[in-house]
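Before any comments, here is the structure.
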Amino acid sequence: MNDTVTSERWRRAQASEQQYWDGLDVAELLRICAEKPAFLKHLDAATLAALFDDREVLEIGCGPLGVGLASFYPGKAAIRRFVKVEPLPRIAVSATGAAREPWAAPLVDWVAGLADEGEYVQMPGEALDFEARFDTVVTYNVLDHVQAPGGILAGAYRALRPGGRILVGVDCLSVVGRLRFEHLTRRCLAGTILVEAHPHTFLPDHVLAMMATAGFAGLSCRGLPGRLRRVAGSGFRPAFLGEKR
Numbered sequence: 001m002n003d004t005v006t007s008e009r010w011r012r013a014q015a016s017e018q019q020y021w022d023g024l025d026v027a028e029l030l031r032i033c034a035e036k037p038a039f040l041k042h043l044d045a046a047t048l049a050a051l052f053d054d055r056e057v058l059e060i061g062c063g064p065l066g067v068g069l070a071s072f073y074p075g076k077a078a079i080r081r082f083v084k085v086e087p088l089p090r091i092a093v094s095a096t097g098a099a100r101e102p103w104a105a106p107l108v109d110w111v112a113g114l115a116d117e118g119e120y121v122q123m124p125g126e127a128l129d130f131e132a133r134f135d136t137v138v139t140y141n142v143l144d145h146v147q148a149p150g151g152i153l154a155g156a157y158r159a160l161r162p163g164g165r166i167l168v169g170v171d172c173l174s175v176v177g178r179l180r181f182e183h184l185t186r187r188c189l190a191g192t193i194l195v196e197a198h199p200h201t202f203l204p205d206h207v208l209a210m211m212a213t214a215g216f217a218g219l220s221c222r223g224l225p226g227r228l229r230r231v232a233g234s235g236f237r238p239a240f241l242g243e244k245r
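The opening residue of the sequence shown carries number 1 in my numbering; numbering runs sequentially from there.
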C-alpha cells in the first residue's frame with residue numbers, strides 16, 4: 001500500500017490536529033488520561049519491564065501537551081532517559097479549555113507534571129535523525145495521523161540500537177469498517193476533524209507489513225479482538241511489538 005500522502009494533505013491533517021488540541025476540554029483530557037493505562041494492560045509485567053526498565057526511550061508523537069505513553073508506565077522511575085518527539089508546538093495544559101474549570105485544577109496540575117517528564121523535541125517524526133541511540137521506541141496513536149507511516153517506522157528502526165524494541169499502538173478498523181470509512185465517511189464528513197486528522201486507516205496486517213518493511217523482526221500483536229469484530233465490528237487499538245536484530 002502507498003502510505004505517503006502529499007504535503008498539502010499532511011498540512012490539513014496537522015491543522016485539524018491543532019484544532020483538536022485547541023478545543024481540549026476536561027472530558028477529553030480525562031479520556032486521554034484513561035486510555036493510555038488501558039492500552040498498557042495489553043502487555044504483561046515482564047514485557048513492560050523489558051521495554052522500559054533501565055532503558056533509554058524515544059517516544060514519537062506525544063501530542064503537544066507533551067504527555068507520553070511512557071509516563072503511564074507504573075514503573076517509570078526505572079526509565080533511564082525519556083525523549084519525546086512531536087511536530088506541533090508545545091501547549092501548556094494550563095492554557096487549554098480544561099483549565100477553565102476550577103474543580104479540574106488537581107487534574108490539570110497532575111497532567112502538567114506528566115508533561116514535564118523527559119525531554120520534548122519539536123520535529124516531525126519523518127525527520128528523525130537519531131542513529132542507534134535508544135533501547136526502546138514507542139509510537140502511540142500516531143501512524144494514522146502522519147504524512148508517511150513507513151517513514152516514521154524506518155526512522156524508529158534507525159534510532160534503535162541492535163536488540164532494541166518498538167511498541168506501536170495504532171487504531172485499526174475492521175474490514176467492513178475500513179471500507180465504510182474510506183468510501184463513505186470521507187465523502188459524507190469531508191472537512192471534519194475526524195476525516196482531516198486521519199489521512200490513513202489500517203487493518204492489523206497493514207501495520208505488521210509496514211513494520212516488517214522497516215526492518216523489524218520478531219513481530220507480534222497483543223490485544224486483538226475476536227474474528228467477528230476484526231471483520232465487521234468497531235475499531236480497536238492493539239499493541240504491536242517488534243525488535244531490531
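The beta carbon of each residue, even a glycine, is placed where N, CA and C say it ideally should be.
- Classified as exposed, A132 has fewer than 16 neighbouring CB atoms from the shown chains inside 10 Å of its CB.
- Looking at P204, E182, W110, L203, the one whose alpha-carbon comes closest to that of L194 is E182.
- In the structure shown, E56 adopts extended strand secondary structure according to DSSP, grouped into three states.
- Annotation: the continuous beta strand (DSSP E) that includes E86 extends over 81 to 86.
- Judged by pairs of C-beta atoms under 8 Å, the region 150 to 166 does not touch the region 36 to 46, as fewer than three such pairs exist.
- Inclusion of W21 and T96 in the CB contact set at 9 Å is warranted, their separation being smaller than that value.
- The continuous beta strand (DSSP E) containing C221 extends over residues 217 to 222.
- With a cutoff of 9 Å on beta-carbon distance, A127 and L29 are scored as not near each other.
- Nearest to F52 by C-alpha distance, out of F240, R100, T136, is T136.
- Put simply, the backbone Cα of N141 is about 18 Å away from that of L219.
- Using a 10 angstroms sphere on the CB of M211, the tally of other CB atoms reaches 16 or more, which defines it as buried.
- With a threshold of 16 other beta carbon atoms within 10 Å, A13 meets it and is buried.
- Bridge pairing for C188: absent [DSSP].
- Approximately 20 Å separates the beta-carbon atoms of A38 and V57; this is outside 8 Å, ruling out the contact.
- If you look at Q18, you'll find it in the alpha helix (DSSP H) that goes 7 to 22.
- I166 is bridged by DSSP to V137, G242.
- Separation of C188 and Q122 (C-alpha to C-alpha, rounded to the nearest whole angstrom) is 34 Å.
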